[in-house]
Amino acid sequence: MFKIKKQLSKLYLSSVLGNLSLTGAWVAILAARGYSLVEIGIAETVFHMTSLIFEIPSGILADVFGRKKMLIVSSIMRMAGNIVMILSNGLPMVCLSLAFHALSYNFASGSDEALAYDSLKIAQMESRFEKYCSNQLIIYRLCGGISTLCAGFALFIGHRIAYGTDLITGAVQILILASLCEVYAGNENIEKRHRNFAEIGSELIACFKESISFLKKARSAVGFMLCNSFVGAVDILLLFFLQAKLQGKLPQVWLGFALLFMEMGGIVGSKLILQFPKLKYRNVFVVTALLVFAGVLAEHSSIWPVMTLGGFLAAVGDDAIQVRTNAILQDMFPSEQRATLTSAESFSFSVIMIILSPLAGIVFTYW
Numbered sequence: 001m002f003k004i005k006k007q008l009s010k011l012y013l014s015s016v017l018g019n020l021s022l023t024g025a026w027v028a029i030l031a032a033r034g035y036s037l038v039e040i041g042i043a044e045t046v047f048h049m050t051s052l053i054f055e056i057p058s059g060i061l062a063d064v065f066g067r068k069k070m071l072i073v074s075s076i077m078r079m080a081g082n083i084v085m086i087l088s089n090g091l092p093m094v095c096l097s098l099a100f101h102a103l104s105y106n107f108a109s110g111s112d113e114a115l116a117y118d119s120l121k122i123a124q125m126e127s128r129f130e131k132y133c134s135n136q137l138i139i140y141r142l143c144g145g146i147s148t149l150c151a152g153f154a155l156f157i158g159h160r161i162a163y164g165t166d167l168i169t170g171a172v173q174i175l176i177l178a179s180l181c182e183v184y185a186g187n188e189n190i191e192k193r194h195r196n197f198a199e200i201g202s203e204l205i206a207c208f209k210e211s212i213s214f215l216k217k218a219r220s221a222v223g224f225m226l227c228n229s230f231v232g233a234v235d236i237l238l239l240f241f242l243q244a245k246l247q248g249k250l251p252q253v254w255l256g257f258a259l260l261f262m263e264m265g266g267i268v269g270s271k272l273i274l275q276f277p278k279l280k281y282r283n284v285f286v287v288t289a290l291l292v293f294a295g296v297l298a299e300h301s302s303i304w305p306v307m308t309l310g311g312f313l314a315a316v317g318d319d320a321i322q323v324r325t326n327a328i329l330q331d332m333f334p335s336e337q338r339a340t341l342t343s344a345e346s347f348s349f350s351v352i353m354i355i356l357s358p359l360a361g362i363v364f365t366y367w
């Protein structure tokens, strides 16, 4: 018998294992190994390009083969990336490792939310999906903050041991994911689809075409994606530049705690939005966009407490609109293309990041 509480608990636990890591500060780890900022930038470019290329295909695979299977593939990709990083002795292997980690994010993106929403829908509890999104963002922010605090310890024990611990958590995560129930809220059982290999290609193409057709008809969904991606991109870029700017303005020992405080803003935002279920999306966008731009203005104050508070407010806005957008979009998406369309949202975020990144570099450096 399908038990929704166990299903969601396993998804939460998997998220903890997937986000809690000693290697969260991978930029600092590479810098400590002697890689220049230019080389690190090249590696990061490989990560984003891989993510951009495979984001939507990974969602299609999840809809055709099953979300549970793709979550397991995500963990395997992460472990492969860790192994390559442990064995790496030059920039090409580092780039390959980050490409595997990008694939890990791709296969998890869309699959988790699609599986959670269809699980809640089968249990006739889809109204609780917004709370699920809020809890997942809390896990993401909290684990990200803890991982940042562990950066010094990771540098102390060395990159090989640090990435080795990730192999252990990855193996445990696979065991948890394997115990999930594959559910599908459409008109057919996903386990009984594509009974022969020849049908797989046509199903992949059909899923993609149907997703494009949906987006053409439901233009409001595209609008929600772009609004959410814009606010999220500005927040991510702000927090990225604050990491660099705060280093010279407060003692190194306090930097980790300042970054953790900013991450906690996301927790506040993801919980706060639940208190306003009837607030129109247009108003949500205006308020969250103002919070993020307040953070940008605070970043230019050159006063580290004000800068830190600005990062906190930006995170509040980012996670608030993320929770509301996820809930609205999942209600709109047809189950047959749920993971694909969720991946389309991540794709829009990557595109906006590529556009805004060079502009943000100019704004945060010279303005």
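Numbering-wise (the numbering used here), the sequence shown opens with residue 1 and increments by one. Note that beta-carbon positions come from the ideal geometry of N, C-alpha and C, so glycine has one too.
Asked: Buried versus exposed, by CB contacts within 10 Å (16 or more), G41; Found: exposed
Asked: A314 and L238 closer than 9 Å at C-beta; Found: yes
Asked: Limits of the unbroken alpha helix (DSSP H) element including G295; Found: Y281 to E299
Asked: Whole-angstrom C-beta distance between L71 and S111, which should lie under 8 Å; Found: 5 Å
Asked: Among T342, L137 and S75, nearest to V222 - alpha-carbon criterion; Found: T342
Asked: Completely contained alpha helix (DSSP H) runs for the stretch 16–45, where each covers 4 or more residues; Found: 26–32
Asked: Cβ pair count under 8 Å reaching 3, the stretch 76–90 against the stretch 160–174; Found: yes
Asked: Spatial neighbours of L272 in its chain, beta-carbon cut-off 8 Å, leaving aside the 5 residues before and after; Found: V316 and A320
Asked: Boundaries (first-last residue) of the alpha helix (DSSP H) holding I303; Found: Premise fails: I303 is in no alpha helix (DSSP H) and is neither H nor E.
Asked: Among P358, S21 and V306, nearest to H159 - alpha-carbon criterion; Found: S21
Asked: Range of the contiguous alpha helix (DSSP H) that encloses S127; Found: No alpha helix (DSSP H) holds S127; DSSP gives it neither H nor E.
Asked: Inter-residue spacing [alpha-carbon to alpha-carbon] between G59 and P251; Found: 43 Å
Asked: Straight-line gap, M79 to S14 (C-alpha atoms, nearest Å); Found: 14 Å
Asked: Buried or exposed by the 16-neighbour rule on C-beta atoms within 10 Å, applied to R195; Found: Reliability fails at R195, whose pLDDT of 49 lies under 50, so the model's placement of it is uncertain and the value that follows must be treated cautiously. R195 comes out exposed.
Asked: 9 Å Cβ cutoff met for E39 and R324; Found: no
Asked: Nearest-angstrom Cα separation, counted from A233 out to E263; Found: 15 Å
Asked: Cβ-based neighbour list, M405, same chain, cut-off 7 Å, excluding 5 preceding and 5 following; Found: No statement about residue 405 is possible, as the shown extent of the chain runs from 1 to 367 and does not include it.
Asked: Alpha carbon of Q124 to alpha carbon of A114, nearest angstrom; Found: 15 Å
Asked: Three CB pairs or more closer than 8 Å across the stretch 47–59 and the stretch 348–358; Found: yes
Asked: Check whether Y12 and I122 have beta carbons under 9 Å apart; Found: no
Asked: Spatial neighbours of L98 in its chain, beta-carbon cut-off 6 Å, leaving aside the 5 residues before and after; Found: A43, V46 and F47
Asked: Inter-stretch contact (C-beta, 8 Å, three-pair minimum) for the stretch 205–213 and the stretch 329–341; Found: yes
Asked: Environment of D118 [buried if 16+ CB atoms lie within 10 Å]; Found: buried
Asked: Reference D318; option with closest CA among T288, I328 and G310; Found: T288
Asked: A151 versus L215, L30 and I56, residue with shortest Cα-Cα distance; Found: L30
Asked: Buried versus exposed, by CB contacts within 10 Å (16 or more), D331; Found: exposed
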